[in-house]
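All the letters of the sequence shown, read from the start, carry residue numbers 31 to 332 under our numbering.
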Amino acid sequence: MTDLPAIIPGGGDLAAFLSANKPAVDAALGDAGALLFRGFDVPDPFAFDAAVEAYGEPGFTYEDSLSNAVRTNVTPRVFTANEAPSTTEIFLHHEMAQTPIYPSKLFFYCEIAAEKGGATPLCRSDWVLDRLDSEAPDFVARVEAEGVRYTNVMPDSDDAGSGQGRSWRSTLSVDGRAAAEERLKDLGYSWEWQDDESLRATTPALPAIRELEDGRKTFFNQLIAAFRGWADSRNDPNRAITFGGGEPITSEDMAPAIAIADKLTVDLAWQSGDVALVDNFLVMHGRRPFEGKRRVLASLVA
Ligand code: FE2
């Protein structure tokens, strides 16, 4: 098995390294699914922004995304990873796979490592799918044929106390109900306004399995995170996911995928100054709970 993440030890300027070695970096990323640049000189978010810029691929902006997480921009290409409380675990997911638009890669930068906990769990999604296909072939065949739908209740204004707290105004980049409905219609979502001005939205059937350019297939979806983690004052994880045809995906359906993914997960224990690059189509990520101050920033590649 390839190491996850593959460690690229170095020194000096990461921006210079990335612009000089992009083909080799991309080959290593395709092989391992995630790379950890350790020992380079990345003192602050501006140096991180410069490294991402030097890598030379277009950015995927938070404003344009339909992400559910509350985030804040730190530099033009860099934002806070997720402002959910430190005690909240963010379960394994492919970034924004619960929406029709998602980034291809993610950069993370550890500015301040937590005193305790706060690792980023990583999990190879092609390996998960391989094992799941032998343990639960009917489930795999069904999600492959039908796709999956996600339901999320978005508040009227940002709720930083929840991992799912981004308001519908911000998520949809709109300022009122009429514009929200227009955007949802364009996206193929169905919706229902709630008494407290929150918005329950359900996606069209989205693919749950993705075939990569080289033929590998991955469990590219947000099922584990939605099922285990979409719980707050508005959201009930038992109503968060269904098969594409509308039938609920049950805890019995999810148990094998969760067990396999847990077994294959490796924790990236951060050191301050680390930069990681994750292939969003091949590797799932999450966030362990932590104590003390932790600052891990993110930058997405379109
Ligand atoms: Fe994420």
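Backbone N, C-alpha and C define an ideal beta-carbon position, used for all residues, glycine too. The model shown is predicted, which means the values in this text are computed figures rather than measured ones.
Item                                                                                               : Value
heavy atom of the ligand FE2 below 8 Å from L136 C-beta                                            : yes
Every unbroken alpha helix (DSSP H) inside the segment 216-249 [4 residues or more]                : none
Reference T248; option with closest CA among E141, K52, A57, D156                                  : D156
Whole-angstrom C-beta distance between G191 and P115, which should lie under 8 Å                   : 6 Å
C-alpha distance - T232 paired with L214, whole-angstrom precision                                 : 9 Å
Any chain D beta carbon closer than 9 Å to G60                                                     : As a matter of chain content, chain D is missing from the structure shown, which is built from one protein chain.
Whole-number beta carbon distance between A238 and G177, since they are thought to touch under 8 Å : 6 Å
Backbone CA spacing between W221 and F90 [nearest angstrom]                                        : 26 Å
Residue burial classification, N268 (beta-carbon count within 10 angstroms, cutoff 16)             : exposed
Given E243 as reference, the closest of F137, L312, L162, I120 once Cα atoms are compared          : L312
Distance between A208 and L66 (C-alpha atoms, nearest Å)                                           : 45 Å
The ligand FE2 heavy atom lying under 8 Å from the CB of N182                                      : no
N251: CB within 8 Å of a non-hydrogen atom of the ligand FE2                                       : no
The segment 249-260 contacting the segment 274-290, beta-carbon criterion three pairs below 8 Å    : yes
Distance cut-off 8 Å: N103 Cβ against heavy atoms of the ligand FE2                                : no
Beta-ladder partner(s) of Y139, from DSSP                                                          : V305, L327
G89: CB within 8 Å of a non-hydrogen atom of the ligand FE2                                        : no
Residue environment, I131, which counts as buried when at least 16 other CB atoms sit within 10 Å  : exposed
Run of the alpha helix (DSSP H) containing R172, from where it starts to where it stops            : 167-176
Three-way DSSP call (helix, strand, coil) for T105 in this model                                   : strand
Span separating the alpha-carbon of D186 from that of L229                                         : 8 Å
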